[in-house]
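Scroll down for the structure; my scribbles are underneath it.
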Amino acid sequence: MTLGYLFGANISDPDPEHGANLYEAYPAMRRSYEQVRDWTGIEPRALLRGGLESRNDHDRFSLAGIRLAALAFGIHDVLAESDIHPAVAGGISLGGLIASSVAGAVDRRTLFDLLVREAKTPVPDPAPPAQGAAIAFLPVTEDPTFYYGDRRPGVYLGGDFGVLANGTARLLMLSGTAEALDKLVAQSPPGMISVIDGQPFAVHSPLRQYATDFMAPTVNAMAVADPRIPVCSFLEERALTTADEVRDLFRRNKTTTMSLPHVCAGLKAQGVRLAFVLGPTLPAGVLDFPFPVVRITEPHHVTEAMTAIYDYAVDLVAPGV
């Protein structure tokens, strides 16, 4: 049995209270947050309890990403202290970048420098139309392309989260201009599609090309190594095993549809029979996974994770493998 790590996306700012109890309970978590403070200048209390002021949309988006990454790495370090290490990793959006770091392809300092740099993304001149994203629960019997693409100018498929655990609907994230999304919501059955509050960007769509262009010199210059363990891509159904493949993931992240089914299929193909979700951004009990999943956001979840390792007879790998 193989253990995999799974990381979620920075779709909206996770509740800062996530991680506070883990921070109090585990010295490894505190050391991880102190390291993030040294790199970013953000105190652990601000990451855990809120109180961060931001000036603009890119700044807020960057801070949310720093929060998510700090929590994921902190949980990773808590597990590592008990000699628990993944044999394969994957994630969607920022989660995929975190997975690349956990796999040893990009060091943590580089990733946090990238997130800090992202806050400085300038708004194009002239400014584009307002953007956003929406969550859509589409019946599995319907053609999802009716809600984005050529049939819906200004709306793109930003993310595919797969079929719900009860099998009734597919969960998608739609990205686009605010005007096009509002029109789509108004023309859809009540409750089927909802705009995500506080998300100012058409994430994972061509409308983010300006941000990709701004970050390109940083991504092109950053140090990348071959990952020590496979990284399951969220852009295609494949495992990344070289530095060039990982850098390509970083380059295409902002403008390409993210797919959780791609990641899960990749994890399963790598032999994963148990996965730990590190952090709060993949909702528990909602999505259908092809293997058992333990979601870790609180101290008692760490105990549950350790118990699951024995229950499923997972083979643990040595660090650095």
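Note that the sequence shown covers residues 2 to 322 in the working numbering. Note that CB positions come from ideal geometry on N, CA and C, so glycine has one too.
| Item | Value |
| --- | --- |
| Of all the options T304, G280, E246 and I310, which has the alpha carbon lying nearest to the alpha carbon of P293? | I310 |
| Could you check the C-alpha separation between L275 and A47 for me, to the nearest Å? | 33 Å |
| State the CB to CB distance for the pair R248 and V225, rounded to an integer number of angstroms; the pair is presumed to be in contact (CB under 8 Å). | 5 Å |
| Could you say if the stretch 129 to 146 and the stretch 172 to 190 meet the contact criterion of at least three C-beta pairs nearer than 8 Å? | yes |
| Do you know how far the Cα of K121 is from the Cα of D14? | For D14, the pLDDT reaches just 48, beneath the cut-off of 50, and the residue's location in the model is therefore unreliable, leaving the point undetermined. |
| Taking S234 as part of the beta strand (DSSP E), name the residues at either end of that continuous run. | Premise fails: S234 is in no beta strand (DSSP E) and is neither H nor E. |
| Go ahead and label V322 buried or exposed: buried means 16 or more other beta carbons lie within 10 angstroms of its beta carbon, across all protein chains shown. | Residue placement at V322 cannot be trusted, given a pLDDT of 48 that sits under 50; what the coordinates show is reported in the next sentence. It is exposed - the Cβ of V322 has fewer than 16 other Cβ atoms within 10 Å. |
| Do you know how far the Cα of D39 is from the Cα of G159? | 33 Å |
| Just to confirm, are R152 and T219 a CB contact at a threshold of 8 Å? | no |
| Leaving out five residues before and five after S102 in sequence, what residues of the same chain have Cβ atoms less than 6 Å from its Cβ? | R109 and L112 |
| According to DSSP, simplified to helix, strand and coil, what is T308? | helix |
| Distance, Cα to Cα, F251 vs A187? | 35 Å |
| Label R63 either buried or exposed according to how many other C-beta atoms from any shown protein chain fall within 10 Å of its C-beta, with 16 as the threshold for buried. | According to the sequence provided, residue 63 is Ser. The question's Arg does not apply to it. By the neighbour-count rule (16 or more Cβ atoms within 10 Å), S63 is buried. |
| Just verifying my parser: in three-state terms, what is the DSSP assignment at G159? | strand |
| Starting from T3 and walking both ways along the beta strand (DSSP E), at which residues does that stretch end? | T3 to F8 |
| Return helix, strand or coil for M223, following the three-state DSSP convention. | coil |
| Counting C-beta neighbours from all protein chains within 10 Å, is the total for D161 16 or more, i.e. buried, or is it exposed? | buried |
| Would you tell me roughly how many angstroms separate the C-alpha atoms of G325 and F8, rounded to the nearest one? | Since the displayed the chain opens at 2 and closes at 322, residue 325 lies outside it and no answer follows. |
| Three or more C-beta pairs under 8 Å: does that hold for the stretch 17 to 35 against the stretch 282 to 302? | yes |
| Hey, how far is the Cα of A212 from the Cα of H59? | 10 Å |
| Name the two residues that bound the continuous alpha helix (DSSP H) containing F62. | D58 to E82 |
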